[in-house]
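For the sequence shown, the positions run 6 to 340 when my numbering is used.
Everything on this sheet refers to the single structure shown next.
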Amino acid sequence: MRLIQCLNDDRLTVAVVIDEHEVQVVDGDEGVYGLARRAIADGTPLTAVVEAALTETRLDYARLIEERRLLPPLTHPDPAHCLVTGTGLTHLGSADTRSAMHAAAMQPSDKVDESELTDSMRMFRMGVEAGKPRAGEVGPQPEWFYKGDGDCVVAPESEIPSPSFAQDAGEEPELAGLYVVGRDGQPWRVGYAIGNEFSDHVTERFNYLWLAHSKLRACSFGPELFVGELPANLEGTSRIVRDGRTLWEKPFLTGEGNMAHSLANLEHHHFKYRNFRRPGDVHVHFFGTATLSFADKIVAEPGDRYEIDLPALGRPLRNVLGSEDDFGYSAAKAL
Numbered sequence: 006m007r008l009i010q011c012l013n014d015d016r017l018t019v020a021v022v023i024d025e026h027e028v029q030v031v032d033g034d035e036g037v038y039g040l041a042r043r044a045i046a047d048g049t050p051l052t053a054v055v056e057a058a059l060t061e062t063r064l065d066y067a068r069l070i071e072e073r074r075l076l077p078p079l080t081h082p083d084p085a086h087c088l089v090t091g092t093g094l095t096h097l098g099s100a101d102t103r104s105a106m107h108a109a110a111m112q113p114s115d116k117v118d119e120s121e122l123t124d125s126m127r128m129f130r131m132g133v134e135a136g137k138p139r140a141g142e143v144g145p146q147p148e149w150f151y152k153g154d155g156d157c158v159v160a161p162e163s164e165i166p167s168p169s170f171a172q173d174a175g176e177e178p179e180l181a182g183l184y185v186v187g188r189d190g191q192p193w194r195v196g197y198a199i200g201n202e203f204s205d206h207v208t209e210r211f212n213y214l215w216l217a218h219s220k221l222r223a224c225s226f227g228p229e230l231f232v233g234e235l236p237a238n239l240e241g242t243s244r245i246v247r248d249g250r251t252l253w254e255k256p257f258l259t260g261e262g263n264m265a266h267s268l269a270n271l272e273h274h275h276f277k278y279r280n281f282r283r284p285g286d287v288h289v290h291f292f293g294t295a296t297l298s299f300a301d302k303i304v305a306e307p308g309d310r311y312e313i314d315l316p317a318l319g320r321p322l323r324n325v326l327g328s329e330d331d332f333g334y335s336a337a338k339a340l
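What follows is the structure in structure tokens.
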């Protein structure tokens, strides 16, 4: 099942994707969030809750896109209770991409002395060696970062802003996991979506300790929420379109079959922290990538369109690069 959220009659609306032309409206308050909370409370699969709430109303999918009425496929009524985070160095090949960004990085080789490896490469190797532990065991923790709360998320087909102080506006095509925390603190995975994690790679490249700064940017995910068992191998295409022409395009792989870590291991190391198990919260967690236009020396410009196509998860995620008004901020003031 694939779900979207959109505005219909100026109201948050959930719909099931019928095909590329039509979506069928679901009756429910508080969008996918409300439906997920109902499924958790009733101990019922989300698909069953959705099917029981289907209406006869159908909407034109293309018109929703044209009129920019699409919304992220999972939102919280209070954006402060949506936490956006992610993990890095999780994919096979991600170390090579990181090496292209950091000239001093070493390639993963058993012939290299452990003391000569960069911190990034050492972390990557830990994932390759033990990131998919057996059931009941815990593997090494990945690189982890915080992006912001729900206010940093922009809707599919909308402009993704880059602040005036940013040195780069680079796409990151990723798989995102979407979660709701139950009343008892148990996290529940609602489903998956295509994500553009969007980062400042020039800032990161200068010093990897600035990774945290480079991630405090906008992001986008969707337009569709994939509910069900995820294929182990996912193949997609990431591209940048400028003035109607493809400026850059490259295939990318994701899914557990192409990752150094299992999704369960990544989820464990995120939700093991009690403050990430606050009842009622929504979590959007990006699982990492190994494909960046930045590694090919592409510099995005305002007006460029990012397109991330992962057919197994539905319609491509598209956003246009924009700029952000910083409101002339200089420093905090004393009261």
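Glycine residues also receive a C-beta, built at the ideal position from the N, C-alpha and C atoms.
Straight through space, the alpha carbons of E177 and F203 are spaced by roughly 5 Å. Judged by DSSP secondary structure, H273 falls within the alpha helix (DSSP H) whose first and last residues are 268 to 276. Distances from the CA of L180 to each of R42, A53, E261 were compared; the closest alpha carbon is that of E261. Shown here, I70 sits in a helix according to DSSP, grouped into three states. Here the segment 235 to 242 does not lie against the segment 166 to 174, with fewer than 3 beta-carbon pairs under 8 Å apart. Within the DSSP secondary-structure output, W253 pairs in a beta bridge with I245. Just so you know, the alpha carbons of A305 and E164 end up roughly 14 Å apart.
Within the same chain, Cβ atoms closer than 8 Å to the Cβ of S267 are found at G136, K137, P138, G144, E261, the five residues on either side in sequence being excluded.
When beta bridges are read from the DSSP output, W215 appears opposite no residue. Contact between G293 and T123 does not hold, since their C-beta atoms are separated by about 17 Å, which reaches or exceeds 8 Å. Taking the Cα of M6 as reference, the smallest distance to any Cα among G196, Y278, D286 is reached at G196. DSSP places I45 in the helix class (H, G or I) of the three-state scheme. For F129, the enclosing alpha helix (DSSP H) begins and ends at 124 to 135.
Rounded to whole angstroms, the separation of the alpha carbons of R42 and L340 is 42 Å. For V19, the uninterrupted beta strand (DSSP E) run begins and ends at 16 to 22, by DSSP.
F276 places its beta carbon 8 Å or farther from that of P147. Put simply, the segment 11 to 18 touches the segment 62 to 76. At least three CB pairs are less than 8 Å apart. Of the candidates V19, A44, G36, A44 places its Cα closest to the Cα of R188.
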